[in-house]
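Q: In our numbering, the protein residues as written are 148 to 268.
Ideal placement from N, C-alpha and C gives every residue a C-beta, glycine not left out.
Quick caveat: nothing in here was measured; it's all calculated off a predicted structure.
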Amino acid sequence: MQARYSGRVPINCGVVFAGEQAAGEGRVLNLSLPGCLIESSKPLAAGEYLRLRLFLPKSLRPLNVPLAAVRWSQGGRAGVEFIQTAREEQAQLTRFFRQQSSRADEDERDIWQSERTVNHR
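1) Return the chain-ordered list of same chain residues with a C-beta closer than 7 Å to the C-beta of F244, the five sequence neighbours on each side being excluded.
2) Would A193 be called buried (16 or more neighbouring beta carbons within 10 Å of its own) or exposed?
3) Would you check if the distance between the CB atom of L210 and the CB atom of Q239 is smaller than 8 Å?
4) Determine the DSSP secondary structure at S248, reduced to helix, strand or coil.
5) What residues are listed by DSSP as bridge partners for G173?
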């Protein structure tokens with residue numbers, strides 16, 4: 148098994164998936180450039196291939212991933228790797244990821260600053 152990718156952002160958005168063994172919908176709980184964490188009441192099996200439609204917040208259209216692979220599955224959660232995306236979809240994903248990453252960095256700095264202010268009083 149490959150090591151985890153380091154850049155992940157927490158997210159809560161809808162996803163619709165379809166594969167040979169399962170079809171359904173769920174929530175994306177975190178996102179990285181090469182994949183995401185999906186939570187669903189439909190069990191997904193490791194090794195299964197899926198088509199995904201992610202409904203990213205503030206996006207005008209869903210992000211289509213024509214080929215993704217379930218890398219692991221436990222309970223109602225599954226780690227999914229994006230295998231194939233169109234160039235336009237990859238650009239949309241990269242833009243969204245960078246926006247979310249910079250917001251997470253700002254939030255972390257704000258928390259650090261407020262803790263520092265409290266500790267120095």
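A: So, to answer that:
1) V156, L178 and L180
2) exposed
3) yes
4) helix
5) V162
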